[in-house]
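**Student:** So the sequence shown is numbered by our numbering: it starts at 245 and just counts up by one. This is the structure, below, for whatever I ask next.
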Amino acid sequence: MPIPEYCPCGTGSPYEICCGMYHNNPGTAPTAESLMRSRYTAFAINNFDYIAATQKLKESPDQTAAEIQDSNQKTQWIKLEINATEEGLEKDKTGVVAFSAHFKEGKHIGRLSERSIFKKVKGQWFYISGEHEVQKNTPLVNSEAMKIGRNDPCLCGSGKKYKKCCAVN
């Protein structure tokens, strides 16, 4: 995927001065939330090497970038919402970030809601684990960047116009 002009993490900042800084220098995210946002952006632009480099999973500590890619290559990430944070600041050793990430897979849209756990090891934040729930066929929350016209094809992939499909609900 080409590098986006604006960062997919939702800050509204240019990619290069937002998550792009962390992608170019793994291990430099100063907070758990900044690491979480940069990981979301890495998923959105298919930077699976960054995902692998910024995690220390309890369940599968040796997970490779190729394995991450295999399980995520059909997912298009649409929007990130940060719901809550606990600790995870520059001086903390642990942190939790609760978020919702909207996605599209084929003709289906959905939302991944997760409570992610982060740990700082030798000055570097890592994703450790998360408790998540996936809801499929959820209403897509539109932002200014995702405006869709009434006569545009529906984002759900039904093949119908938006006004005759999801706009009705």
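Heads up, the beta-carbon is just placed ideally off N, CA and C, and yes, glycines get one too.
In this structure, does DSSP put residue 413 in helix, strand or coil?
**Tutor:** Residue placement at residue 413 is flagged as unreliable, the pLDDT there being 48, under the threshold of 50; a coordinate-derived value is accordingly withheld.
**Student:** The beta strand (DSSP E) spanning residue 371 covers which residue range?
**Tutor:** 368 to 380
**Student:** Taking Cβ to Cβ, would you say residue 344 is nearer than 7 Å to residue 359?
**Tutor:** no
**Student:** Sorted by chain position, which residues of the same chain lie with C-beta nearer than 8 Å to residue 300's C-beta, five sequence neighbours on each side aside?
**Tutor:** 363, 365, 370, 371 and 372
**Student:** When the Cα atoms are used, what is the spatial distance from residue 247 to residue 317?
**Tutor:** Approximately 17 Å between the Cα atoms of the pair.
**Student:** Smallest Cα separation from residue 325: which of 351, 332, 305 and 357?
**Tutor:** Answer by Cα proximity: 357.
**Student:** Tell me the DSSP secondary structure of residue 327 in three-state form.
**Tutor:** strand
**Student:** I'd like to know whether the C-beta atoms of residue 341 and residue 276 end up nearer to each other than 7 Å.
**Tutor:** yes
**Student:** Who are the Cβ neighbours of residue 253 in its own chain at under 6 Å, not counting the five residues just before and after it?
**Tutor:** 263, 281, 284, 285 and 324
**Student:** Name the DSSP beta bridge partners of residue 355, please?
**Tutor:** 346 and 379
**Student:** Quick one: is residue 256 buried, meaning 16 or more other Cβ sit within 10 Å of its Cβ, or exposed?
**Tutor:** exposed
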